[in-house]
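S.K.: If you read the sequences in order, they're chains A and B.
Going by UniProt numbering, the first sequence opens with residue 1, and the numbers climb by one from there.
Going by UniProt numbering, the second sequence opens with residue 1, and the numbers climb by one from there.
By construction, the Cβ of each residue, glycine as well, lies at the ideal position given by its N, Cα and C atoms.
Since this is a predicted model, take the numbers as computed values, not measurements.
Number of protein chains: 2
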Amino acid sequence: MTTPKKTSSSEQTPLEEAYPTTVEGLVLEERLGYALRRAQLKVFKHFDEAMREHDIRPAQFSSLVVIEGYPGVTQSNLAQTLSIDPPRVVSLINSLEERGLALRVRCKRDRRSHGIFLTKTGEALVERLKGLAEQSDLEATQSLSEIERRQLLTLLRKVYASEEGDD
Amino acid sequence: MTTPKKTSSSEQTPLEEAYPTTVEGLVLEERLGYALRRAQLKVFKHFDEAMREHDIRPAQFSSLVVIEGYPGVTQSNLAQTLSIDPPRVVSLINSLEERGLALRVRCKRDRRSHGIFLTKTGEALVERLKGLAEQSDLEATQSLSEIERRQLLTLLRKVYASEEGDD
DNA sequence: AAAAATAGTTACCTATTATAACTATATCTA
DNA sequence: TAGATATAGTTATAATAGGTAACTATTTTT
Chain A
1 MTTPKKTSSS EQTPLEEAYP TTVEGLVLEE RLGYALRRAQ LKVFKHFDEA
51 MREHDIRPAQ FSSLVVIEGY PGVTQSNLAQ TLSIDPPRVV SLINSLEERG
101 LALRVRCKRD RRSHGIFLTK TGEALVERLK GLAEQSDLEA TQSLSEIERR
151 QLLTLLRKVY ASEEGDD
Chain B
1 MTTPKKTSSS EQTPLEEAYP TTVEGLVLEE RLGYALRRAQ LKVFKHFDEA
51 MREHDIRPAQ FSSLVVIEGY PGVTQSNLAQ TLSIDPPRVV SLINSLEERG
101 LALRVRCKRD RRSHGIFLTK TGEALVERLK GLAEQSDLEA TQSLSEIERR
151 QLLTLLRKVY ASEEGDD
């Protein structure tokens with residue numbers, strides 16, 4: 001790989017050695033969105049690997065955890081909770097139901113809505129997945145100390161939890 | 001909105017009040033990937049709003065900043081720098097070129113590659129965009145103090161910059 | 001009873017991202 | 001120097017995420 005070298009931006013002919021391989025020193029390093037995207041890419045890559053064996057996607061994992069915590073949750077509440085759109089929930093629950101991990105139970109009280117529950121298989125799987133996910137987080141953030149990891153989590157929560165839109 | 005109430009997960013009939021609207025208390029709150037995704041969603045939403053006027057997408061912004069910092073950068077180096085695939089760079093540069101913001105200059109030395117440069121218009125725009133992006137970051141993270149914002153940025157960089165894969 | 005609202009669904013459309021194959025050049029090697 | 005190999009960029013294509021609009025079945029409101 002050739003060495004990065006910064007040059008005047010008014011020079012309009014191709015350079016020979018002006019090839020960066022990092023964004024070091026660029027304003028990009030100061031942008032939160034960029035840093036978030038890059039960090040997320042890395043963490044998700046680890047997550048994908050950890051879940052590959054069980055063929056579980058991030059959204060499926062999130063759904064399973066929420067259903068486990070709130071058995072009987074409705075699809076619309078799941079949508080709100082995870083900030084995804086109702087149509088997305090349909091295919092999400094379909095996939096879980098087809099794999100025998102969750103099931104819809106029509107609500108007697110309001111027959112428009114479905115309570116969603118985990119099956120025994122689903123409960124067993126989510127327990128396993130939670131362990132794998134925790135391990136994956138640790139691997140993806142080996143460069144952080146335990147204290148830093150907690151700090152990061154706290155700061156991220158502070159960002160996304162702040163009311164303002166209803167993101 | 002009804003109140004969340006947690007119940008035994010072995011109960012297989014629909015509940016009346018088991019509807020959460022947050023993930024508070026769930027293991028999900030402990031997952032880094034989840035926190036990153038939610039925070040990124042929020043920050044990107046602000047970014048989109050800030051850039052709407054100029055119709056600039058996150059990847060276009062990143063490209064412009066890198067080209068500004070490394071005039072004459074090649075497409076393959078841009079791909080490496082931003083961790084995106086070569087085909088993605090093609091359409092990215094196409095869009096910038098069509099809008100008169102950047103241009104390809106065939107490299108004399110290696111006629112396979114193109115040096116990419118900003119036009120005057122591109123240079124003017126990227127200056128403006130950098131200001132907007134910074135402002136957007138601040139708005140998206142109003143819940144953080146200046147110190148916390150810097151901490152967050154530092155921690156994120158530490159995560160994505162650590163060598164291990166070549167993410 | 002009629003109108004309006006809600007939960008879920010279906011159909012559709014767009015943007016993002018990854019993969020494979022192609023071209024043109026350049027480099028290696030024998 | 002000829003032939004094989006590698007590289008930069010491109011095109012085509014497919015998989016997927018994500019979002020909108022419209023429809024059905026219910027429930028609630030008036």
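Any heavy atom of the ligand NAD closer than 8 Å to the CB of Leu129/B?
M.R.: The ligand NAD is absent from the structure shown, which contains no ligands of any kind.
S.K.: By Cβ distance, which residues of its chain are closer than 6 Å to Thr74/A, with the 5 residues on each side in sequence left out?
M.R.: Start at 1 with the first residue of the first sequence, and residue 74/A comes out as number 74. Only Ser113 meet the Cβ criterion.
S.K.: Just by C-beta distance, which residues in the segment 90-106 of chain B are closer than 8 Å to chain A?
M.R.: Val105, Arg106
S.K.: Just reading off the beta strand (DSSP E) that Ile116/B is part of, what are its end residues?
M.R.: Here residue 116/B corresponds to residue number 116 of the second sequence, with the count starting at 1. 114-118 is the span of the beta strand (DSSP E), which, as asked, contains Ile116/B.
S.K.: Does any C-beta atom of chain B lie closer than 9 Å to the C-beta of Pro87/A?
M.R.: As a working mapping, residue 87/A is identified with position 87 in the first sequence. Not one chain B Cβ lies under 9 Å of Pro87/A.
S.K.: Once you ignore the five residues that flank Lys158/B on each side, which residues in its own chain have a CB closer than 7 Å to its CB?
M.R.: Here residue 158/B corresponds to residue number 158 of the second sequence, with the count starting at 1. No residues qualify anywhere along the chain.
S.K.: Just the chain A side, please: which residues come within less than 8 Å of Gly131/B by C-beta, in chain order?
M.R.: Residue numbering aside, residue 131/B sits at position 131 when the second sequence is read from its first letter. Result: empty, since nearest Cβ-Cβ is about 10 Å, beyond 8 Å.
S.K.: Where Pro58/B and Phe47/B are concerned, what is the direct C-alpha to C-alpha distance, given to the nearest angstrom?
M.R.: Stepping through the second sequence from its first residue, residue 58/B is reached at position 58. Stepping through the second sequence from its first residue, residue 47/B is reached at position 47. Taking the straight line joining both Cα atoms gives about 8 Å.
S.K.: Which residues of chain A have a Cβ atom closer than 8 Å to the Cβ of Gln40/B, listed in chain order?
M.R.: Stepping through the second sequence from its first residue, residue 40/B is reached at position 40. Those are Gly33, Leu36, Arg37, Gln40, listed as they occur along chain A.
S.K.: Does chain A have any CB closer than 9 Å to the CB of Ala140/B?
M.R.: Position 140 of the second sequence, counted from the first residue, corresponds to residue 140/B. Residue contact check for Ala140/B against chain A: a CB pair falls below 9 Å.
S.K.: For the beta strand (DSSP E) that contains Val105/B, what are its first and last residues?
M.R.: Start at 1 with the first residue of the second sequence, and residue 105/B comes out as number 105. Per DSSP, Val105/B belongs to the beta strand (DSSP E) from 102-106.
S.K.: Enumerated in chain order, which unbroken segments of the alpha helix (DSSP H) with a length of 4 residues or greater are wholly contained in the segment 18-86 of chain A?
M.R.: 32-52, 58-69, 75-82
S.K.: Check whether the Cβ atoms of Ser63/A and Leu96/A sit closer than 9 Å, and answer yes or no.
M.R.: As a working mapping, residue 63/A is identified with position 63 in the first sequence. As a working mapping, residue 96/A is identified with position 96 in the first sequence. Yes.
S.K.: Indicate whether the contact test is met: 3 or more Cβ pairs, each with one atom in the segment 124-142 of chain B and one in the segment 29-42 of chain A, closer than 8 Å.
M.R.: yes
S.K.: Can you check whether the CB of Ala35/A is closer than 9 Å to the CB of Tyr34/B?
M.R.: The residue labelled residue 34/B in the question sits at position 34 within the second sequence. The residue labelled residue 35/A in the question sits at position 35 within the first sequence. No; because the gap between Cβ atoms is not below 9 Å, this pair is not in contact.
S.K.: I'd like the span of the alpha helix (DSSP H) that includes Arg149/B, first residue to last.
M.R.: On the second sequence, position 149 is the one that residue 149/B refers to. It spans 146-161 - the alpha helix (DSSP H) in which Arg149/B sits, taken as one unbroken run.
S.K.: Compare the C-beta of Arg57/A against all C-beta atoms of chain B and say whether one is closer than 9 Å.
M.R.: As a first step, residue 57/A must be located in the first sequence, where it is residue number 57. Judged by the 9 Å Cβ criterion, Arg57/A is not in contact with chain B.
S.K.: Relative to the C-alpha of Gly100/A, which candidate in Lys45/A, Leu125/A, Lys108/A has its C-alpha closest?
M.R.: Within the first sequence, the letter at position 100 stands for residue 100/A. Checked all of Lys45/A, Leu125/A, Lys108/A; the closest Cα to Gly100/A is Leu125/A.
S.K.: Who are the Cβ neighbours of Thr121/A in its own chain at under 7 Å, not counting the five residues just before and after it?
M.R.: Stepping through the first sequence from its first residue, residue 121/A is reached at position 121. Closer than 7 Å at the Cβ level, and outside the excluded window around Thr121/A, lie Gly100, Leu101.
S.K.: Under a CB-based cut-off of 9 Å, is Glu125/A close to chain B?
M.R.: The count along the first sequence starts at 1 and reaches residue 125/A at position 125. With the sequence shown as reference, residue 125/A is identified as Leu, and Glu is not the correct amino acid for it. False, the Cβ-Cβ gap to chain B never drops below 9 Å.
S.K.: Interface residues of chain B around Arg157/A at Cβ under 9 Å?
M.R.: Taking the first residue of the first sequence as 1, we reach residue 157/A at position 157. Per Cβ cutoff of 9 Å: Glu29, Ala35, Arg38, Ala39.
S.K.: Arg149/B CB to nearest chain A CB: under 9 Å?
M.R.: Locating residue 149/B in the second sequence gives position 149, counting from the first residue. Closer than 9 Å: yes.
S.K.: Does Arg37/A pass the burial test, meaning 16 or more other C-beta atoms within 10 Å, or should it be called exposed?
M.R.: One-based indexing of the first sequence puts residue 37/A at position 37. It is buried - the Cβ of Arg37/A has at least 16 other Cβ atoms within 10 Å.
S.K.: If you draw a straight line from the C-alpha of Ser76/A to the C-alpha of Ile116/A, how long is it?
M.R.: Locating residue 76/A in the first sequence gives position 76, counting from the first residue. Locating residue 116/A in the first sequence gives position 116, counting from the first residue. When rounded, the distance between both Cα atoms is 11 Å.
S.K.: Just how far apart, CA to CA, sit Gly69/A and Arg111/A?
M.R.: Within the first sequence, residue 69/A is the residue found at index 69, counting from 1. Within the first sequence, residue 111/A is the residue found at index 111, counting from 1. Using only the alpha carbons, I get a separation of about 23 Å.
S.K.: Spell out whether any CB of chain A is found under 9 Å from the CB atom of Glu134/B.
M.R.: Looking up residue 134/B in the second sequence gives position 134. Interface residue, yes.
S.K.: If I measure Cβ to Cβ from Arg128/A and keep anything under 8 Å in the same chain, skipping five residues before and after, which residues do I get?
M.R.: As a working note, residue 128/A is residue 128 in the first sequence. Here the set comprises His54.
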